[in-house]
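K.L.:
Handing you this structure, nothing more for now.
In my numbering, the protein residues as written are 1306 to 1841.
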């Protein structure tokens, strides 16, 4: 039943069990239908197809021809997992093969740069625990993104970094002991320890690849290491494992840097907020704030959710969300966005969107899903990597055995050359280069108020020769300044600045701040004015 897809339909005008049997029999005869089950009690039809594309309209037409009406019902649930250990396109390919082999999967998307897997599944055919178990079989670990709320661990604090350090230290120690004449059996113990520790993560991933009939760089490492040990080349085997492990750590570092662009967007929203419920003010996690709640936002705080101002007034810097360079005045009735920064006034905001549905959340989702819209460079890199690794494996094996077998070459010398082929044949760097660059660029652009809808559009940007901007102020550093002073009636410039500064001194408007700043720069004497009244 691998690759089967389930679909649920609601049947109307079905009056008896005979009607249910008639519908079941007719739908079962349709091409590609593996199973059709009708429940007379619930008026539901469940169809399992043998092909990923289930022709809903053909099923509805068949039911309609029998004198009944039917409509599709969404029977799938969607869950997003964080995949620990998925840092390379080879590993995402293993996940892809595993997902395709499971029953009850409607659709799935892999976001390598954010380390996530989004799955649409049929709960009656497969459970969340089944999905987690299936991913564990690949040598990686899945956890719900809701559980993965803590701060990301620095790449150099990861276990694999500790293993790499231990592998390198043991290899160097074994080498030095050998130089000082220590018995080989002792140095071999250290080399074996280095191979086991340093090769733990690559071997785990390599065995998973072999189980799924995928040839990746980790599988090459297993073959090369076994070959080196078989020829009693313990030092070479340990060095080989260290070099591969070092490459994996550097790749994890590059991916972590790209993922940091997405994490930075998430950090625009505060983790907690002050909420008024039933007359009481309580601090709640942002995820627990509901529609209709009233959030109190004090001066200098970030706005946690999208909402509508019901009390108070202030200027809000919403450049991270809208790209507007100048803080916008907010008063009762105005809309505010999660991630924007409240400036000097206090606001009470009625929540209109949950944290998962805010404008910022959609921007983050857009950045994460940008990987699905691949550029031509990225598609080329993935296609190249798919064939490159098996080709390098065949080449390496050929270098190791053909010259000694057919041309009288020395086994050890040609095996050394084969090891060189294996070491330099890592395709992950090539396959990662484009997605890492794309996600880092898209994330950085999003932090500055520019949203690219995928790598394909980012790639087109280099061909642009002219850009039309929609309004004045789009291109700015975001800080108003006084550029020219034009006194009238022979008024002294310094006196004009002093008067303007006195009027604007207590104002919170961004333009007022610019005037006061210029007056201070000119050392104009600003006096405190009382009795000011705002004229509208």
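Don't be surprised by glycine CBs; every beta carbon is placed ideally from N, CA and C.
Can residue 1591 and residue 1621 be called in contact, C-beta distance under 8 Å?
P.N.:
no
K.L.:
Counting only the same chain and skipping the five closest in sequence on each side, list residues whose C-beta sits under 8 Å from that of residue 1327.
P.N.:
Cβ within range, chain order: 1371.
K.L.:
Would you kindly work out how many angstroms separate the C-alpha atoms of residue 1319 and residue 1658, rounded to a whole number?
P.N.:
Their backbone Cα atoms lie some 40 Å apart in a straight line.
K.L.:
Here's a check: name, in chain order, each residue in its chain whose Cβ is nearer than 8 Å to the Cβ of residue 1618, leaving out the five neighbours to either side.
P.N.:
1634, 1635, 1636, 1637, 1650 and 1652
K.L.:
Identify the continuous beta strand (DSSP E) that holds residue 1614 and give its terminal residues.
P.N.:
1612–1616 is the span of the beta strand (DSSP E), which, as asked, contains residue 1614.
K.L.:
I need the straight-line Cα distance from residue 1393 to residue 1375, nearest angstrom please.
P.N.:
Whole-angstrom Cα-Cα distance: 45 Å.
K.L.:
Should residue 1612 and residue 1548 be called a contact, given that it needs their Cβ atoms to be closer than 8 Å?
P.N.:
no
K.L.:
I'd like the span of the beta strand (DSSP E) that includes residue 1373, first residue to last.
P.N.:
Taken as a continuous stretch (DSSP letters only), residue 1373 belongs to no beta strand (DSSP E), as it is neither H nor E.
K.L.:
Nearest by alpha-carbon distance to residue 1802: which of 1815, 1812 and 1787 is it?
P.N.:
1787
K.L.:
Once the 5 residues before and after residue 1333 are set aside, which same chain residues still bring their CB inside 6 Å of it?
P.N.:
1341
K.L.:
Would DSSP call residue 1787 helix, strand or coil?
P.N.:
coil
K.L.:
Are the CB atoms of residue 1834 and residue 1805 within a distance shorter than 8 Å?
P.N.:
Inclusion of residue 1805 and residue 1834 in the CB contact set at 8 Å is not warranted, their separation being larger than that value.
K.L.:
In the DSSP assignment, find the alpha helix (DSSP H) that holds residue 1528 and state where it starts and stops.
P.N.:
1522–1535
K.L.:
Compare the Cα-Cα distances from residue 1799 to each of 1817, 1819 and 1825 and report the closest residue.
P.N.:
1825
K.L.:
Is residue 1367 buried or exposed, if buried means 16 or more other CB atoms sit within 10 Å of its CB?
P.N.:
Answer is buried; the Cβ neighbour count reaches 16.
K.L.:
Ends of the beta strand (DSSP E) at residue 1481?
P.N.:
Counting along the chain, residue 1481 falls outside any beta strand (DSSP E), though it belongs to the alpha helix (DSSP H) covering 1464–1484.
K.L.:
If residue 1586 sits next to residue 1601, beta carbons under 8 Å apart, how far is it from one beta carbon to the other, in whole angstroms?
P.N.:
7 Å
K.L.:
Are the Cβ atoms of residue 1608 and residue 1644 separated by less than 8 Å?
P.N.:
yes
K.L.:
Give the straight-line distance between the Cα atoms of residue 1349 and residue 1755, rounded to the nearest whole angstrom.
P.N.:
46 Å
K.L.:
Roughly how many angstroms lie between the CA atoms of residue 1822 and residue 1666, to the nearest whole one?
P.N.:
36 Å
K.L.:
Alpha carbon to alpha carbon, how far is residue 1307 from residue 1400?
P.N.:
Only weak support exists for where residue 1307 lies, its pLDDT of 49 falling under 50; the value from the coordinates is given anyway. So the alpha carbons of these two residues sit roughly 15 Å apart.
K.L.:
Using a Cβ-Cβ cutoff of less than 7 Å, which residues in the same chain neighbour residue 1505 once the five nearest sequence positions on both sides are dropped?
P.N.:
1468
K.L.:
Quick check on this structure: which residue in 1668, 1717 and 1648 has the alpha carbon closest to the alpha carbon of residue 1538?
P.N.:
1717
K.L.:
With DSSP run on the structure shown, which of helix, strand or coil describes residue 1581?
P.N.:
In the structure shown, residue 1581 sits in a strand (DSSP, three-state: E or B).
K.L.:
Just how far apart, CA to CA, sit residue 1546 and residue 1694?
P.N.:
In a straight line, the C-alpha of residue 1546 is about 18 Å away from that of residue 1694.
K.L.:
I'd like to check one pair, residue 1595 with residue 1641: are the Cβ atoms closer than 8 Å?
P.N.:
no
K.L.:
In angstroms with no decimal places, state the Cα-to-Cα distance between residue 1745 and residue 1419.
P.N.:
11 Å
K.L.:
For the alpha helix (DSSP H) containing residue 1497, list its first residue and its last residue.
P.N.:
1489–1503
K.L.:
Nearest-angstrom Cα distance between residue 1831 and residue 1757?
P.N.:
C-alpha separation (whole angstroms): 46 Å.
K.L.:
Which partner residues does residue 1449 have in the DSSP bridge list?
P.N.:
Partner(s): 1386.
K.L.:
May I have the straight-line CA-CA distance separating residue 1519 from residue 1525, to the nearest angstrom?
P.N.:
11 Å
K.L.:
Within 10 angstroms of the Cβ of residue 1772, are there 16 or more other Cβ atoms? Answer buried if so, exposed if not.
P.N.:
exposed
K.L.:
Tell me whether residue 1353 is buried or exposed, calling it buried when 16 or more other Cβ atoms sit within 10 Å of its Cβ.
P.N.:
buried
K.L.:
For residue 1825, which of helix, strand or coil comes out of DSSP?
P.N.:
helix
K.L.:
In terms of DSSP beta bridges, what is residue 1619 paired with?
P.N.:
1635
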